[in-house]
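Trainee: Got a structure for you, written out below as structure tokens; questions coming shortly.
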Amino acid sequence: MPQGELGTMFYRSEYDAFENCYHFTAATKYRKSVFDEAIRQRLEQLLTEKAESIDLKVHAVAAAVNHIHILVQGDAEPPFISQTILGYTSRLIRKEFPVLKQLHEKQLWGGKACTNIKDASHLQNATDYIKRHDPMDSRVE
Numbered sequence: 010m011p012q013g014e015l016g017t018m019f020y021r022s023e024y025d026a027f028e029n030c031y032h033f034t035a036a037t038k039y040r041k042s043v044f045d046e047a048i049r050q051r052l053e054q055l056l057t058e059k060a061e062s063i064d065l066k067v068h069a070v071a072a073a074v075n076h077i078h079i080l081v082q083g084d085a086e087p088p089f090i091s092q093t094i095l096g097y098t099s100r101l102i103r104k105e106f107p108v109l110k111q112l113h114e115k116q117l118w119g120g121k122a123c124t125n126i127k128d129a130s131h132l133q134n135a136t137d138y139i140k141r142h143d144p145m146d147s148r149v150e
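Below is the structure:
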């Protein structure tokens, strides 16, 4: 899929996805650092559960103070994956942690992006990056 916007998600790839692997990132609205350790742990759990419920293999997932990363593989199209996983986590995490609802009444996620994985090396690099991601790092890359 070419680089550019599709709906509200930005695509950062100019090539087809290797074995249907995609790296999604999503930042909180206004990139506010609102995820404490308990919220981050629950987000990682919800992201994984929802991805697996739509037949995606989760290679890696990480939540930082103001954004998430999830690397998945499956037959679903990226817009469907994004809408399903991010919509679900936004609703549930704001319900379970009312402080988030106060800060982000209508939506949790601001910027969202999807990068197609190019090849096996890119898949390994992305997996390693997500697994070693510092949860206190607020840079969204």
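For the sequence shown, our numbering begins at 10 and goes up steadily by one. Glycine residues also receive a C-beta, built at the ideal position from the N, C-alpha and C atoms.
Straight-line CA distance for P11 to Q82?
Mentor: Because P11 sits at a pLDDT of 40, beneath the cut-off of 50, its placement in the model cannot be relied upon, and the point is left open.
Trainee: Counting C-beta neighbours from all protein chains within 10 Å, is the total for K115 16 or more, i.e. buried, or is it exposed?
Mentor: By the neighbour-count rule (16 or more Cβ atoms within 10 Å), K115 is not buried but exposed.
Trainee: Helix, strand or coil: how does DSSP classify V74 here?
Mentor: Three-state DSSP puts V74 in coil, outside helix and strand.
Trainee: What are the boundary residues of the beta strand (DSSP E) that K110 is part of?
Mentor: Note, K110: premise wrong, no beta strand (DSSP E); alpha helix (DSSP H) at 107 to 112.
Trainee: Which residues bound the beta strand (DSSP E) around N125?
Mentor: Where N125 is concerned, the enclosing beta strand (DSSP E) stretches over 118 to 125.
Trainee: Rank A26, F27, K38 by C-alpha distance to the C-alpha of W118 and give the top, closest one.
Mentor: Of the listed residues, the one whose Cα sits closest to W118 is K38.
Trainee: Grouping DSSP H, G and I as helix and E and B as strand, with all else coil, what is L80?
Mentor: Note: L80 maps to strand in three-state DSSP.
Trainee: Apart from the five residues just before and just after L65, which ones in its own chain have a Cβ nearer than 8 Å to its Cβ?
Mentor: Taken in chain order, the residues that qualify are V81, Q82, G83, A85, I90.
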